[in-house]
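Numbering (the working numbering), first residue to last: 147 to 355.
A quick write-up on the structure given underneath.
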């Protein structure tokens, strides 16, 4: 991953400079922006591959701390929207009126899981769609969920006859597999459900602290 990151950083840096160069024609600047965006996709994939390997080999140390779910999700949503990722999508937060029980989790890894789900909705869905992020208490677990039309559409595009796999890995590389690994590292599970309206709801079940 180190050998990939070094030349990739140069590609991203030069592409960003060209994208902002006012002396270049608009079409060339647009093309530079595409190079930068696709380079970021490669960088994210490298990071995911590195992390999924570390989780598979139990090399990723968990830095758990008490976590208030509502505050965690609101901050994650704010960072996602402020980064421009949700532009063109209807974004909805779905949190109960009563406070949720506290969980114990590694905020970096859990944020990575939620961001992967949110990003999946944007990458595989046309602007104008909706994304719903929320949480609920269910028995002795807190359930974090992201609902959008993205992943189901991607599955159908690759193979209409293929069912959604239990680990969510079909047609998605490491993205949804990483979500399952992060949940498992916290003693939790993940459910991938295909809705009647071609929505995919991914739910992360985490034990209450």
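Where is the CB? At the ideal position from N, CA and C, for every residue including glycine.
Span of the alpha helix (DSSP H) around residue 216
Residue 216 -> alpha helix (DSSP H) spans 215–228.
Whose CA, out of 173, 292, 276, 263, lies closest to the CA of residue 322?
Of 173, 292, 276, 263, the residue nearest in Cα terms is 263.
Please report how far the alpha carbon of residue 324 lies from the alpha carbon of residue 172, in whole angstroms.
Distance between the alpha carbons of residue 324 and residue 172: 38 Å.
Once you ignore the five residues that flank residue 339 on each side, which residues in its own chain have a CB closer than 6 Å to its CB?
Same-chain partners within the cutoff: 347.
Name the two residues that bound the continuous beta strand (DSSP E) containing residue 281.
Per DSSP, residue 281 is one residue of the beta strand (DSSP E) stretching across 276–284.
Look at the alpha carbon of residue 285 and the alpha carbon of residue 269, and state the distance between them as a whole number of angstroms.
Approximately 33 Å, taken between the alpha carbons.
Residue from 191, 290, 169 with nearest C-alpha to residue 246:
Distance from the Cα of residue 246 is smallest, within the candidate group 191, 290, 169, for 290.
Where does residue 318 land, buried or exposed, given buried means 16+ other C-beta within 10 angstroms?
Caution is warranted here: a pLDDT of 46 is assigned to residue 318, below 50, making its placement in the model unreliable, and the coordinate value is therefore given only provisionally. Residue 318 is buried by the Cβ-count criterion.
Run of the alpha helix (DSSP H) containing residue 256, from where it starts to where it stops
DSSP places residue 256 in the uninterrupted alpha helix (DSSP H) bounded by 253–269.
Less than 7 Å between the C-beta atoms of residue 212 and residue 248, yes or no?
Closer than 7 Å, so yes.
Within 10 Å of its beta-carbon, does residue 327 have 16 or more other beta-carbons around it, so buried, or fewer, so exposed?
It counts as buried.
Exposed or buried, which one is residue 232 when buried takes at least 16 other CB atoms within 10 Å?
Residue 232 is buried by the Cβ-count criterion.
If you run the structure through DSSP and keep just helix, strand and coil, what is residue 240?
Annotated three-state conformation of residue 240 is strand, per DSSP.
Distance CB(residue 276)-CB(residue 236) smaller than 7 Å
Yes, the Cβ-Cβ distance between residue 276 and residue 236 is below 7 Å.
With 16 as the cutoff for other CB atoms within 10 Å, does residue 198 come out buried or exposed?
With 16 or more other Cβ atoms within 10 Å, it is buried.
Bridge partner(s) assigned by DSSP for residue 287
Per DSSP, 284, 353.
Alpha carbon of residue 207 to alpha carbon of residue 252, nearest angstrom:
For residue 207 and residue 252, the gap between their C-alpha atoms comes out near 9 Å.
Is it true that the CB of residue 158 sits closer than 7 Å to the CB of residue 182?
Taking 7 Å as the cut-off, the Cβ atoms of residue 182 and residue 158 count as close.
Compare the C-alpha of residue 191 against each of 287, 151, 225 and name the closest.
Residue 191 has its Cα closest to that of 151, out of 287, 151, 225.
Closest to residue 93 by CA distance: which of 234, 239, 354 is it?
Given a span of 147 to 355 for the chain in the structure shown, any question on residue 93 remains unanswerable.
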